[in-house]
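K.L.:
For what it's worth, this note's numbering labels the leading residue of the sequence shown as 3, then goes sequentially. From the three backbone atoms N, C-alpha and C, an ideal C-beta is built for every residue, glycine too. Quick caveat, the model's predicted, so the values are computed rather than measured. Can you read through this structure? Questions will come right after.
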Amino acid sequence: MEKILYNLNYRISTAIIGQFGAGKTSLLKYLESFTPNAYYVSSSGPKQLLIQILKKAEISYKSGELISDLEAKAKRIKGLVLFIDDADKLSKPSRRILQELTNANIILASEKLLAIDCEVLKLEGFNDSELKDYLKSFMLTKEMHDKVYHFIKNYSDSSPLSVKKAVELYSKALDSGQVFSLFSFTSKKVELLTVASFIAIGYLLMSLRYFFYSQKDFLTGYALSTTAYLLFFLFRRRK
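Set out below in structure tokens:
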């Protein structure tokens, strides 16, 4: 994350490489939220790509304008920052246009390496030492630190976004008392729902995430899968 922020500050174009569901889209939208003159655009043909940029920059254009005219307008935008999602699906003409937008700092998200002149950063998880250090920054209790640590090590990719989401879920569970009071009930044989029912709910959540992924709502899909993993982990710990 520090390297990405450094590249943004010094206008170094960057390609973020990671597997499907690794959090690339969420990361781009998060960066866009506080970066001046920044626009999140999805991959598309060259004309559609330029129109997305001009629309977000609130620059007028005509539907019949040539690509060269649209490109000339985009090149006049000062301090332009582009967050391009699904960059591996960009056509060759679209990639050429991005290369020629010398006024733009371009941050790409892709599942594979691209033939575009930019620095490559892989979206990878923390190693064991980095994970423990990162968890310390959340100022968790020892019990919660241990639970989150074991959950991440067993069920997550250990990326910064995964860790943050796991901490948020545990925090909400502790604040509401619902998850842990539920397990205190079941441990006393008061069966609100059977273990099998909760496992079924977990698998249902895992299935639903693919619907949200298909709608490009990756944040909701990711939250559903993380919640499912949390259910599996908590029941495993109670065995």
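1. Whose C-alpha, out of Leu125, Phe153, Leu232, is nearest the C-alpha of Gln21?
2. Could you check if Glu170 is buried or exposed, using at least 16 other CB atoms within 10 Å of its CB as the buried criterion?
3. If you count every other CB in all the chains shown that lies within 10 Å of the CB of Tyr12, and 16 or more means buried, which is it?
4. Please state the DSSP three-state secondary structure of Tyr12.
5. Tell me Asp87's beta-bridge partners as DSSP assigns them.
6. Check Ile154 in the structure and name its three-state DSSP category.
7. In terms of DSSP beta bridges, what is Leu82 paired with?
8. State yes or no: is the C-beta of Ser93 within less than 8 Å of the C-beta of Ala17?
9. Once DSSP output is grouped into helix, strand and coil, what is the label at Ala17?
10. Which residue wins for smallest C-alpha separation from Met208, given the options Ser35, Ala225, Gln217?
11. Is the segment 137-147 in contact with the segment 33-46, if contact means three or more CB pairs nearer than 8 Å?
12. In the DSSP assignment, find the beta strand (DSSP E) that holds Leu115 and state where it starts and stops.
13. Buried or exposed: which applies to Asp119, given that a residue is buried once 16 or more other Cβ atoms fall within 10 Å of its Cβ?
14. Going by CA-CA distance only, name the one from Glu60, Pro48, Ile61 that's closest to Leu68.
15. DSSP on Ala111, reduced to helix/strand/coil?
16. Who are the near neighbours of Leu210 in its chain, counting only those whose CB is closer than 6 Å to its CB and skipping five residues on each side?
17. Out of Lys174, Ala230, Asn9, state which residue places its alpha-carbon closest to the alpha-carbon of Val83.
18. Between Asp87 and Thr27, which are expected to be in contact by the criterion C-beta below 8 Å, what is the C-beta distance as a whole number of angstroms?
19. Report yes if the CB atom of Ile99 is closer than 8 Å to the CB atom of Glu60, and no otherwise.
20. Taking the alpha carbon of Val165 as the point to measure from, which residue in Thr229, Val122, Asn105 has its own alpha carbon closest?
21. Following the continuous beta strand (DSSP E) through Glu121, name the residue where it begins and the one where it ends.
22. Which two residues bound the contiguous alpha helix (DSSP H) that contains Asp219?
P.N.:
Judging by the given coordinates:
1. Checked all of Leu125, Phe153, Leu232; the closest Cα to Gln21 is Leu125.
2. So Glu170 counts as exposed.
3. Flag for Tyr12 reads exposed.
4. DSSP places Tyr12 in the coil class of the three-state scheme, outside both helix and strand.
5. For Asp87, which the question treats as bridged, DSSP gives the partners Ser44.
6. Three-state DSSP puts Ile154 in a helix.
7. Beta-bridge pairing links Leu82 to Ala106.
8. Result no, Cβ atoms of Ser93 and Ala17 do not sit closer than 8 Å.
9. Reduced to three states, the DSSP call for Ala17 is strand.
10. Looking only at Ser35, Ala225, Gln217, the smallest Cα-Cα distance to Met208 is reached by Ala225.
11. Cβ pair count under 8 Å is below three, so no.
12. For Leu115, there is no enclosing beta strand (DSSP E), as DSSP marks it with neither H nor E.
13. Counting the other Cβ atoms within 10 Å of the Cβ of Asp119 gives fewer than 16, which makes it exposed.
14. Residue Pro48 is the option with its Cα nearest to Leu68.
15. In the structure shown, Ala111 sits in a strand (DSSP, three-state: E or B).
16. Cβ neighbours of Leu210 beyond the five flanking positions: Leu226.
17. Across the set Lys174, Ala230, Asn9, the C-alpha of Asn9 shows the shortest separation from the C-alpha of Val83.
18. Contact between Asp87 and Thr27 holds, since their C-beta atoms are separated by about 5 Å, short of 8 Å.
19. Inclusion of Ile99 and Glu60 in the CB contact set at 8 Å is not warranted, their separation being larger than that value.
20. Minimum Cα distance to Val165 is reached at Thr229.
21. For Glu121, the uninterrupted beta strand (DSSP E) run begins and ends at 121-124, by DSSP.
22. No alpha helix (DSSP H) contains Asp219, which DSSP labels as neither H nor E.
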